[in-house]
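**Student:**
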Amino acid sequence: MARIKRALISVSDKSGLDELAKGLDDLGVEILSTGGTADLIRKQGIAVTEVSDHTGFPEMMDGRVKTLHPKIHGGLLFVRDNEDHKAQAEKAGILPIDMVVVNLYPFESTVARKGVTLEEAIENIDIGGPSMLRSAAKNHKYVAVVSSPEQYKGILAEMLSSGGEIGEGTLRKLAERVFKLTAGYDKAIFEYLSGQGDTRPEDSGPLPETMSINLKKVSGLRYGENPHQPAAFYADDISECRGLTGAEKLQGKELSFNNIMDLSAALEMVSAIESPAVSIVKHNNPCGLAADEDIPRAYLSALDCDRLSAFGSIIGANRDIDGKTAGVIMSEADFVECIIAPDFDKEALGVFSAKKNLRVVRCDLVRAENGRTPLDIKKIPGGMLVQYRDNGKIARAELKVATKKTPTEDMIRSMLFGWKIIKYVKSNAIVLCKGTSTVGIGAGQMSRVDSAMIAIRKAGPRAKGSVMVSDAFFPKADSVEEAHNAGIAGIIQPGGSIRDQEVIDACDAFGIPMVFTGMRHFKH
């Protein structure tokens, strides 16, 4: 337990200050303070001692030096039941400070402002605040360290119920919160300063030598991928957009681990398409994806790509869902787990309400902010793999026709549509497209020709006249032979195999035009 007799209050965020100061004063706590905080407390008619009067040393250097003094840090750090510490404190005239109430200069919100200068950012790096917080947190057995206005009410309630004391459990939790806070604060400063010009060693590459990621729990989950795996959903502090962490579930059962994975994939796929589009996702792969000015038609085209696999799927749309679209979905789908879109009108929600377990999720589209490419992080035992997300795009002018026959403009439009989709399909990946609809998808096979055969089988007669999209080069001509037998009209692939000429010769023999992108879209 710590009995609070003297508290130092110095806060940037003044919310809740009136209530806290009055509560401490009513409990007979002596209050030390600085600058604007002291002025506000004094205006309440509450006695307050300026830190400069307590230390006998004036604030200086535009307030940069005011609490960095032995009478402050000695008062926080000395061990109360250590006789040697007590003797040294008495000899130096150091009085114990039993509580520190500090919140830090708003560095993160300052640097987030458009047009902020480096000088402004530097002046919002708090020095005295973190120093006091860390001193108090280190000595938390005897000192209460309060770092956020949201803690004021609970602290006052505990002191009122215990005659001015704070229990060991609370003191420990307050200290833990501080070290988390100061770690994040320093990380934000490091990341801002490291972005001011290129100060990286030449051999370090585009990613930093060290990386820290803070995770905040969004919600617990019933279980993970399987019922025997405990799981939870966390938001990170490095992402450019909120994604599913900012989603709102409008109806249905709680979201599962697998739901969240598939919802994110469905949303990301349609976010990549500018025109109205619908994705249908199962096990993180698209069963179908289509774009059409009419969203119900887009849904039906996506569904027709693979109705069998769409059972128990996730539906994503990049436009609001209205009652008409909801009616089409409910009449055509055998079973849908979740639907995600930017918004839903009242009529649509009324239609979906007939299926109580159907999860209906409202979420903004996934857009990279400030032109920056977000990071993609994959955990492996003992470490992490970090890369920039696959934002690679190909323009019409960048395509290289590799065959004697040139594809038609309609083929090229379909190829470019499929090229936007292929990067969301697990490798080895083959997608067949007609217009702006997928008609067959082969995913995750160990050989490319197997993926081609699966895509052709799923497409059935619709394979004829479609274009084949491959996420990586063809190592052999076998996939081209399969394409020819299915009546596929054109092929788009990265190229770059040592056997490219064999593949080109096969296309020429079959009269199939093929273009190279020079870019691969593996997804492991």
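Numbering (the numbering used here), first residue to last: 52 to 575.
C-beta atoms are modelled at their ideal positions from N, C-alpha and C, and glycine is treated no differently.
Quick one: what's residue 150 bridged to in DSSP?
**Tutor:** Note: residue 150 sits in a beta bridge opposite 58 and 195.
**Student:** When you measure from the CB of residue 383 to every non-hydrogen atom of the ligand ATP, does any distance come out below 7 angstroms?
**Tutor:** Inclusion of the ligand ATP in the displayed structure is not the case, the ligand content being empty and no account of it being possible.
**Student:** Check the C-beta distance from residue 387 over to residue 347 and give it rounded, since I have them as a contact under 8 angstroms.
**Tutor:** Their Cβ separation, rounded to whole angstroms, is 15 angstroms, which puts residue 387 and residue 347 out of contact at 8 angstroms.
**Student:** Can you name, in chain order, every residue of its own chain whose Cβ lies under 7 angstroms from the Cβ of residue 383, other than the five neighbours on each side?
**Tutor:** Contacts found: 351 and 354.
**Student:** Mind checking whether residue 489 and residue 292 have CB atoms under 8 angstroms apart?
**Tutor:** Not in contact: residue 489 and residue 292 (Cβ atoms no closer than 8 angstroms).
**Student:** How big is the Cα-Cα spacing for residue 342 and residue 325?
**Tutor:** Taking the straight line joining both Cα atoms gives about 9 angstroms.
**Student:** Along the chain, where does the beta strand (DSSP E) containing residue 434 start, and where does it finish?
**Tutor:** First-last of the beta strand (DSSP E) with residue 434: 434-439.
**Student:** Where does residue 285 land, buried or exposed, given buried means 16+ other C-beta within 10 angstroms?
**Tutor:** Label assigned to residue 285: exposed.
**Student:** Grab me the residues of residue 409's own chain with a C-beta within less than 8 angstroms of its C-beta, minus the 5 sequence neighbours each way, in chain order.
**Tutor:** Answer for residue 409: 302, 303, 387, 388, 389, 390 and 403, listed in chain order.
**Student:** Taking a contact to mean a Cβ-Cβ separation below 8 angstroms, would you say residue 474 touches residue 574 in this structure?
**Tutor:** Against a cut-off of 8 angstroms, the Cβ pair of residue 574 and residue 474 comes out as a contact.
**Student:** Starting from the C-beta of residue 359, find all residues in its chain whose C-beta is less than 7 angstroms away, skip the five residues before and the five after it, and write them out in chain order.
**Tutor:** Nothing listed; no residue qualifies.
**Student:** For residue 569, tell me which candidate among 533, 450 and 187 has the shortest Cα-Cα distance.
**Tutor:** Looking at the Cα atoms, 450 is the closest of the given residues.
**Student:** Nearest-angstrom Cα distance between residue 103 and residue 295?
**Tutor:** The straight-line gap from Cα to Cα measures roughly 49 angstroms.
**Student:** From what residue to what residue does the beta strand (DSSP E) around residue 489 run?
**Tutor:** Counting along the chain, the beta strand (DSSP E) containing residue 489 begins and ends at 488-493.
**Student:** Between the segment 493-502 and the segment 527-543, do at least 3 Cβ pairs fall closer than 8 angstroms?
**Tutor:** Enough Cβ pairs lie closer than 8 angstroms, so yes.
**Student:** Using 10 angstroms around the beta-carbon of residue 460, count the other beta-carbons present and answer buried if the total reaches 16, otherwise exposed.
**Tutor:** When all chains shown are included, residue 460 counts as exposed.
**Student:** Exposed or buried, residue 279, counting other C-beta atoms within 10 Å across all chains shown (16 or more means buried)?
**Tutor:** With fewer than 16 Cβ atoms within 10 Å of its Cβ, residue 279 is classed as exposed.
**Student:** For residue 175, which residues of its own chain have a beta-carbon under 6 angstroms away from its beta-carbon, when the five flanking residues on both sides are left out?
**Tutor:** Around residue 175: 156, 158 and 161.
**Student:** Could you give the DSSP three-state label for residue 90: helix, strand or coil?
**Tutor:** It is helical.
**Student:** Tell me residue 100's beta-bridge partners as DSSP assigns them.
**Tutor:** According to DSSP, residue 100 bridges with 83.
**Student:** If you draw a straight line from the alpha carbon of residue 444 to that of residue 470, how long is it in whole angstroms?
**Tutor:** Each residue's Cα considered, the two are about 8 angstroms apart.
**Student:** Would you mind working out which of 225, 511, 395 and 243 sits nearest residue 200, comparing C-alpha positions?
**Tutor:** Looking at the Cα atoms, 225 is the closest of the given residues.
**Student:** From which residue to which residue does the beta strand (DSSP E) around residue 565 run?
**Tutor:** Where residue 565 is concerned, the enclosing beta strand (DSSP E) stretches over 565-567.
**Student:** For the beta strand (DSSP E) containing residue 348, name the first residue and the last one.
**Tutor:** Residue 348 -> not in any beta strand (DSSP E); alpha helix (DSSP H) instead, spanning 346-356.
**Student:** What residue from 268, 245, 232 and 276 has the CA that sits closest to residue 297's CA?
**Tutor:** Selected option, being the one with the closest Cα: 268.
**Student:** Specify whether the segment 163-170 and the segment 120-136 touch according to this definition: at least 3 beta carbon pairs, one from each stretch, less than 8 angstroms apart.
**Tutor:** Cβ pair count under 8 angstroms is below three, so no.
**Student:** What is the rounded straight-line gap between the Cα of residue 229 and the Cα of residue 484?
**Tutor:** Computed Cα separation, rounded: 55 angstroms.
**Student:** Just to confirm the assignment, what range does the beta strand (DSSP E) spanning residue 518 have?
**Tutor:** It spans 518-521 - the beta strand (DSSP E) in which residue 518 sits, taken as one unbroken run.
**Student:** Run through DSSP, which three-state label would residue 642 get?
**Tutor:** Since the first residue shown for the chain is 52 and the last is 575, residue 642 is missing from the structure and cannot be characterised.
**Student:** In the structure shown, what three-state DSSP assignment does residue 442 receive?
**Tutor:** Reduced to three states, the DSSP call for residue 442 is coil.
**Student:** Cβ of residue 481 within 8 angstroms of Cβ of residue 495?
**Tutor:** No, Cβ-Cβ distance for residue 481 and residue 495 is not below 8 angstroms.
**Student:** Could you give the first and the last residue of the continuous beta strand (DSSP E) run that contains residue 377?
**Tutor:** It is not in any beta strand (DSSP E) - residue 377 instead sits in the alpha helix (DSSP H) that spans 374-383.
**Student:** Which residues share a DSSP beta bridge with residue 362?
**Tutor:** Answer is none; residue 362 lacks a bridge partner.
**Student:** Against chain D, does residue 534 count as a neighbour if the rule is that its beta carbon must be under 8 angstroms from one of theirs?
**Tutor:** As a matter of chain content, chain D is missing from the structure shown, which is built from one protein chain.
**Student:** Residue 547 to residue 553, Cα distance in whole Å?
**Tutor:** The alpha-carbon atoms of residue 547 and residue 553 are separated by roughly 12 angstroms.
**Student:** Do residue 71 and residue 152 have their C-beta atoms within less than 8 angstroms of each other?
**Tutor:** Cβ distance < 8 angstroms, so residue 71 and residue 152 count as in contact.
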